[in-house]
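*Asks:* Heads up, the sequence shown is in my numbering, so the first residue is 123 and it goes up one at a time. Glycine included, each C-beta is placed from N, C-alpha and C at the ideal position. Mind looking over this structure? Questions follow.
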Amino acid sequence: MKLPEYVSEPPPVPKEVLLPLKTIQAMLDKGSSTVFAKILELLVVVKPPSPWSYPGGLWLLLLISLMCASGSAIILQYALYYWVGARQLKKMDSFSLTRFPHVSVLVPVRREPIEVVDRLLKSIASQSYPLERIEVVVVSDDDPQRFEELRRLCSSHRSKGLDVLAIRRGSLKGYKAGALNYGLKLCSGEYVAVFDADSVLERGFLEKAIGYLEHNEWCEAVASRWVPLNQQESPVAEAQGFSMSFMTRVFFDVRSRLGFPTILLGSGTVYKKSFLEGVGGWSEDVLAEDIDLTLKAMLSGRRTAFLSDLEVAVEVPPTYLAFRQQQSRWIYGLAQLLRKYIVKVLRSRCPLSWKVDMLLYISQEALLTANALLVVVSLASLFLGIDLMVATAYPAPLFFAAAAAYVAAYLHYARSAGWGLRRGVVNLGRTTALVVSLLPTAVVQMAKGLLGIPHHWSVTPKGARARESGGWALGETLVGVVGMSLGILALELSLVSSAAFMMALSLAFIYVGTRTFEKKW
123 MKLPEYVSEP PPVPKEVLLP LKTIQAMLDK GSSTVFAKIL ELLVVVKPPS PWSYPGGLWL
183 LLLISLMCAS GSAIILQYAL YYWVGARQLK KMDSFSLTRF PHVSVLVPVR REPIEVVDRL
243 LKSIASQSYP LERIEVVVVS DDDPQRFEEL RRLCSSHRSK GLDVLAIRRG SLKGYKAGAL
303 NYGLKLCSGE YVAVFDADSV LERGFLEKAI GYLEHNEWCE AVASRWVPLN QQESPVAEAQ
363 GFSMSFMTRV FFDVRSRLGF PTILLGSGTV YKKSFLEGVG GWSEDVLAED IDLTLKAMLS
423 GRRTAFLSDL EVAVEVPPTY LAFRQQQSRW IYGLAQLLRK YIVKVLRSRC PLSWKVDMLL
483 YISQEALLTA NALLVVVSLA SLFLGIDLMV ATAYPAPLFF AAAAAYVAAY LHYARSAGWG
543 LRRGVVNLGR TTALVVSLLP TAVVQMAKGL LGIPHHWSVT PKGARARESG GWALGETLVG
603 VVGMSLGILA LELSLVSSAA FMMALSLAFI YVGTRTFEKK W
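Take a look at the structure:
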């Protein structure tokens, strides 16, 4: 078995393992698989070559170090936030209302199943808040036929005592943000609550939210805790549902404890109407209008809050293709915000910690993009016949340390949620596969968002439509097969580091492709 030139002299072999090693060597001498032989090379202690051992090596090392550092910073942010807030937050104070201000509920709708909208309206009608103090404005971007079904549904609820109005816009200008701004002009309430069609409110939602805002005049908006509505529907839904709960702890509970600005998500947030009018409503030039509103609030010095006991249930995509469709829009939206706000945030008078926190949040897809650049480096290794990926040995300890902290946090949370170790590991693996398989989508959408290339708004399927949105992820399957083949080729050429990276990455694509082909995802 020929060792690479940069492999140092192996340490003395203990006698107790010498016999097994001789047995393996005998197998190799008899013509065992070359691939198996190359895999054994991974067990050899490899001394990384100097970055100057190949042309442009120093610049390559700096590039790889920068990519690893960006990914490590985001992963470490997740882990540190979790461990800082590992203890449960104190229960929020309950406030008794001496008056019940008029509340407007905005619901933007486009191609939503009627039964999904009906479920939301029922949860609004069952609120403990006085029904006569609630008005609902449903803004539809549907075709006339579908809008007529929606209008009949709203008429049915209005006959039962819910003040609900269904209106149809004449254009799709601004997509969801445009619909919200259109509906805001018709809202007469002192407070405005926004919900997506797939939301389901707990019975005391409005009473809790309005009670907090009434007794804390400094606060102009409150965000609620998202909980998965359909976590048991499929393995994809279970993985996303648990990750949603984990990331809520990371980005809401802990950020609230540390005093960072609240992320005002697009469903389940209640605003003072004066706040929305003061910031000019929702921006129609971006797809992530909720995070855009968060940034506008932060830069203008407006104060908001996250209420850990205020819950709204939302659907998570039950299939991989629906998940990819949702994430495609979100990634593009974050890239738009990075392009729009990076200079504004850096030049703002906000605390440095706020700037770092928010820029890391809106650039979180940099981790996937970094992996794409490492793929390019691995492919270059094949063409040049030089294992350029060996340079990752220098920054790798930082990345693996951050990843270990994240895994420990995830499994700790799984245990606190009553999950066993096995279930936690399985769902962590599923989540990792889902995220890695978004690599091609992330690269395209990040590039489009940063370059200002338009992206068509697509609504994530919900209800019965979501369950019918499954199918074979053929593209991911092909990427996985090609990647694994190239990884084996790199192994044959003794490009061990490049081979290990390509094969590990390809496993996620193959796994997703297999599960979708079997119609389990």
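1) Under DSSP, the alpha helix (DSSP H) around Trp404 begins and ends at which residues?
2) Jot down the residue ranges of each uninterrupted alpha helix (DSSP H) in the region 341 to 407, minimum 4 residues, whole runs only, in chain order.
3) Hey, quick one: how far does the alpha helix (DSSP H) through Pro583 stretch, first residue to last?
4) So what does DSSP say about Glu433, is it helix, strand or coil?
5) Contact check, Ala301 vs Asp263 under 8 angstroms by CB: the rounded distance?
6) If you count every other CB in all the chains shown that lies within 10 Å of the CB of Asp265, and 16 or more means buried, which is it?
7) Determine the closest residue to Val434 out of Thr384, Val316 and Glu614, with distance taken between C-alpha atoms.
8) Decide if Trp643 is buried, meaning its Cβ has at least 16 other Cβ atoms within 10 Å, or exposed.
9) Does the region 441 to 461 touch the region 412 to 424, meaning 3 or more C-beta pairs lie closer than 8 angstroms?
10) Under DSSP, the alpha helix (DSSP H) around Ile575 begins and ends at which residues?
11) Pick out whichever of Lys395, Lys330 and Leu242 has its Cα sitting closest to the Cα of Ser310.
12) Looking at Leu325: is its Cβ nearer than 8 angstroms to the Cβ of Tyr304?
13) Taking only three categories from DSSP, how would you classify Asp479?
14) Would Val376 pass as a contact of Leu351 if the rule is Cβ separation under 8 angstroms?
15) Candidates Tyr204, Thr370 and Cys190: which alpha carbon is nearest Ala527's?
16) Can you tell me the Cα-Cα spacing of Tyr393 and Ala588, whole angstroms?
17) Just verifying my parser: in three-state terms, what is the DSSP assignment at Ser503?
18) Report the three-state DSSP secondary structure of Val634 (helix, strand or coil).
19) Measuring CB to CB, does Ala427 end up less than 8 angstroms from Val344?
20) Less than 8 angstroms between the beta carbons of Ala595 and Val548, yes or no?
21) For Phe428, write down the residues that DSSP places opposite it in a beta bridge.
22) In the structure shown, what three-state DSSP assignment does Asp414 receive?
23) Glu324 by DSSP, collapsed to three states: which one?
24) Here's a check: name, in chain order, each residue in its chain whose Cβ is nearer than 7 angstroms to the Cβ of Met366, leaving out the five neighbours to either side.
25) Nearest-angstrom Cα distance between Gln486 and Leu495?
26) Shortest alpha-carbon distance to Ser580 belongs to which of Lys298, Leu198 and Tyr535?
27) Could you tell me which residues DSSP puts in a beta bridge with Pro230?
28) Go to Tyr516, then tell me how far its beta strand (DSSP E) extends in each direction, as first and last residue.
29) Using 8 angstroms as the threshold, is the region 220 to 235 in touch with the region 244 to 259, meaning 3 or more CB pairs across them?
30) Please name the residue, chosen from Leu613, Leu556, Tyr251 and Ser607, that lies closest to Thr638 on a Cα-to-Cα basis.
31) Taking 8 angstroms as the CB-CB limit, is Leu572 close to chain C?
32) With a threshold of 8 angstroms on Cβ separation, who are the neighbours of Glu312 within its own chain once the five nearest residues in sequence on each side are excluded?
33) Can you name the start and end residues of the alpha helix (DSSP H) that Tyr463 belongs to?
34) Hey, how far is the Cα of Ala525 from the Cα of Cys190?
35) Are the CB atoms of Ala492 and Trp452 nearer to each other than 8 angstroms?
36) Under 8 angstroms, with one C-beta from each stretch per pair, do the region 470 to 488 and the region 377 to 385 reach the 3-pair mark?
*Replies:* So, from the listed chains and residues:
1) The count along the sequence shown starts at 1 and reaches residue 404 at position 282. Where Trp404 is concerned, there is no enclosing alpha helix (DSSP H), given that its DSSP letter is neither H nor E.
2) 357 to 370, 376 to 380 and 395 to 400
3) Along the sequence shown, read from residue 1 onward, the residue named residue 583 stands at position 461. Here Pro583 belongs to no alpha helix (DSSP H), and DSSP marks it neither H nor E.
4) One-based indexing of the sequence shown puts residue 433 at position 311. Looking at Glu433 - three-state DSSP - the assignment turns out to be strand.
5) To locate residue 301, count along the sequence shown from 1; it is residue 179. To locate residue 263, count along the sequence shown from 1; it is residue 141. With 8 angstroms as the limit, Ala301 and Asp263 qualify as a contact, their Cβ atoms being about 6 angstroms apart.
6) For the purposes of this step, residue 265 is taken as the residue at position 143 of the sequence shown. With fewer than 16 Cβ atoms within 10 Å of its Cβ, Asp265 is classed as exposed.
7) In the sequence shown, the residue the question calls residue 434 occupies position 312. The candidate whose alpha carbon is nearest that of Val434 is Val316.
8) Counting from one through the sequence shown, the residue named residue 643 turns up at place 521. With 16 or more Cβ atoms within 10 Å of its Cβ, Trp643 is classed as buried.
9) yes
10) Residue mapping note: residue 575 aligns to position 453 of the sequence shown, counting from 1. Counting along the chain, Ile575 falls outside any alpha helix (DSSP H), and DSSP gives it neither H nor E.
11) For this step, residue 310 is matched to residue 188 along the sequence shown. It is Lys395.
12) Position 203 of the sequence shown, counting from 1, holds the residue named residue 325. Position 182 of the sequence shown, counting from 1, holds the residue named residue 304. Before going on, a small fix: residue 325 reads as Arg here, not Leu. No, Cβ-Cβ distance for Arg325 and Tyr304 is not below 8 angstroms.
13) Here residue 479 corresponds to residue number 357 of the sequence shown, with the count starting at 1. Here Asp479 sits in helix by DSSP.
14) The residue given as residue 376 occupies position 254 in the sequence shown. The residue given as residue 351 occupies position 229 in the sequence shown. Result no, Cβ atoms of Val376 and Leu351 do not sit closer than 8 angstroms.
15) Position 405 of the sequence shown, counting from 1, holds the residue named residue 527. Comparing Cα positions, the closest option is Tyr204.
16) The residue you call residue 393 lines up with position 271 of the sequence shown. The residue you call residue 588 lines up with position 466 of the sequence shown. Near 30 angstroms, if we compare the C-alpha coordinates of Ala588 and Tyr393.
17) Residue mapping note: residue 503 aligns to position 381 of the sequence shown, counting from 1. Ser503 falls in the helix class under three-state DSSP.
18) By 1-based counting over the sequence shown, the position of residue 634 is 512. In this structure, Val634 counts as helix in the three-state DSSP scheme.
19) For the purposes of this step, residue 427 is taken as the residue at position 305 of the sequence shown. For the purposes of this step, residue 344 is taken as the residue at position 222 of the sequence shown. A contact, by the Cβ cut-off of 8 angstroms.
20) The count along the sequence shown starts at 1 and reaches residue 595 at position 473. The count along the sequence shown starts at 1 and reaches residue 548 at position 426. No, these two residues do not count as a Cβ contact at 8 angstroms.
21) Position 306 of the sequence shown, counted from the first residue, corresponds to residue 428. In DSSP, Phe428 forms a bridge with Ala345.
22) Along the sequence shown, read from residue 1 onward, the residue named residue 414 stands at position 292. If DSSP states are grouped into helix, strand and coil, Asp414 belongs with the helices.
23) The sequence position of residue 324 within the sequence shown is 202, counting from 1. Glu324: coil per DSSP, three-state reduction.
24) The count along the sequence shown starts at 1 and reaches residue 366 at position 244. Around Met366: Trp348, Pro350 and Val438.
25) Walking along the sequence shown from the start, residue 486 turns up at place 364. Walking along the sequence shown from the start, residue 495 turns up at place 373. Their backbone Cα atoms lie some 15 angstroms apart in a straight line.
26) Counted from its first residue, the sequence shown places residue 580 at position 458. Checked all of Lys298, Leu198 and Tyr535; the closest Cα to Ser580 is Lys298.
27) In the sequence shown, the residue the question calls residue 230 occupies position 108. Bridge partners of Pro230: Val261.
28) Position 394 of the sequence shown, counted from the first residue, corresponds to residue 516. From DSSP, Tyr516 is part of no beta strand (DSSP E); its letter is neither H nor E.
29) yes
30) As a working note, residue 638 is residue 516 in the sequence shown. Minimum Cα distance to Thr638 is reached at Leu556.
31) Absent from the structure is chain C; it holds one protein chain and no more.
32) Working through the sequence shown from its first residue, we reach residue 312 at position 190. Correct list, in chain order: Pro223, His224, Val225, Lys394 and Lys395.
33) For the purposes of this step, residue 463 is taken as residue 341 along the sequence shown, with counting starting at 1. Here the alpha helix (DSSP H) through Tyr463 covers Tyr442 to Arg469.
34) Here residue 525 refers to the residue found at position 403 of the sequence shown. Here residue 190 refers to the residue found at position 68 of the sequence shown. If you take the alpha carbons of Ala525 and Cys190, they lie about 11 angstroms apart.
35) Position 370 of the sequence shown holds residue 492. Position 330 of the sequence shown holds residue 452. Not a contact, by the Cβ cut-off of 8 angstroms.
36) yes
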